[in-house]
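Q: Residue numbers (the UniProt record's numbering): 1 to 121. Even glycine gets a Cβ: it sits at the ideal position worked out from N, Cα and C.
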């Protein structure tokens with residue numbers, strides 16, 4: 001069994017601490033939070049994709065952070081996916097790049113361009 005491939009197509013239950021495919025046998029399906037639909041190429045697209053109930057604010061220690069404006073976020077809630085441009089060469093990555101392993105190879109999602117990225121950058 002290819003454990004890395006198997007786990008990459010699975011979800012993780014925070015309560016059971018187990019991986020599952022469709023839904024957790026004990027806690028059901030997770031809650032997925034979608035971004036609002038915003039066309040690419042808008043200058044502040046990344047900020048406009050922020051889901052309801054979240055806010056981007058300055059952090060006391062500097063930089064930006066994402067804050068919940070609701071009383072709470074349900075445990076096991078899933079945000080994403082991380083959006084940006086697909087990059088195949090690691091040398092083209094930035095601090096906004098995530099590595100994705102698929103079928104034993106890596107590609108990267110670079111969110112440095114705010115017109116193509118979402119709020120998760």
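#1: Rounded to the nearest angstrom, how far is the Cβ of residue 109 from that of residue 98, given a contact under 8 Å?
#2: Check residue 111 in the structure and name its three-state DSSP category.
#3: Do residue 49 and residue 77 come within 8 Å of each other at the CB atom, strictly closer than that value?
#4: Would you identify the three-state DSSP class for residue 124, choosing helix, strand or coil?
#5: Nearest CA to the CA of residue 69: which residue from 36, 41, 53, 61?
#6: Mind checking who residue 68 pairs with in its DSSP beta bridge?
#7: Residue 105: which of 90, 23, 73 sits nearest, CA to CA?
#8: To the nearest angstrom, report how far apart residue 7 and residue 19 are at their CA atoms.
#9: Per DSSP, which one or two residues make a beta bridge with residue 38?
#10: Measuring alpha carbon to alpha carbon, tell me which of 73, 118, 13 ends up nearest residue 25.
#11: Measure the alpha-carbon distance for residue 117 versus residue 57 and round it to whole angstroms.
A: Taking the structure as given:
#1: The pair is a contact, with the Cβ atoms about 5 Å apart (cut-off 8 Å).
#2: The answer is coil: DSSP assigns residue 111 none of H, G, I, E or B.
#3: Cβ atoms of residue 77 and residue 49: not closer than 8 Å.
#4: Shown here, the chain extends from 1 to 121; a query on residue 124 therefore has no answer.
#5: Residue 69 has its Cα closest to that of 53, out of 36, 41, 53, 61.
#6: Its beta-bridge partners are 54.
#7: For residue 105, the closest alpha carbon among the candidates 90, 23, 73 is that of 90.
#8: In this prediction, residue 7 scores a pLDDT of 43, lower than 50, which makes its location untrustworthy; the coordinate-derived value is nonetheless stated afterwards. Whole-angstrom Cα-Cα distance: 7 Å.
#9: DSSP output for residue 38 lists no bridge partner at all.
#10: Among 73, 118, 13, the Cα nearest to that of residue 25 is on 13.
#11: So the two alpha carbons sit approximately 18 Å from each other.
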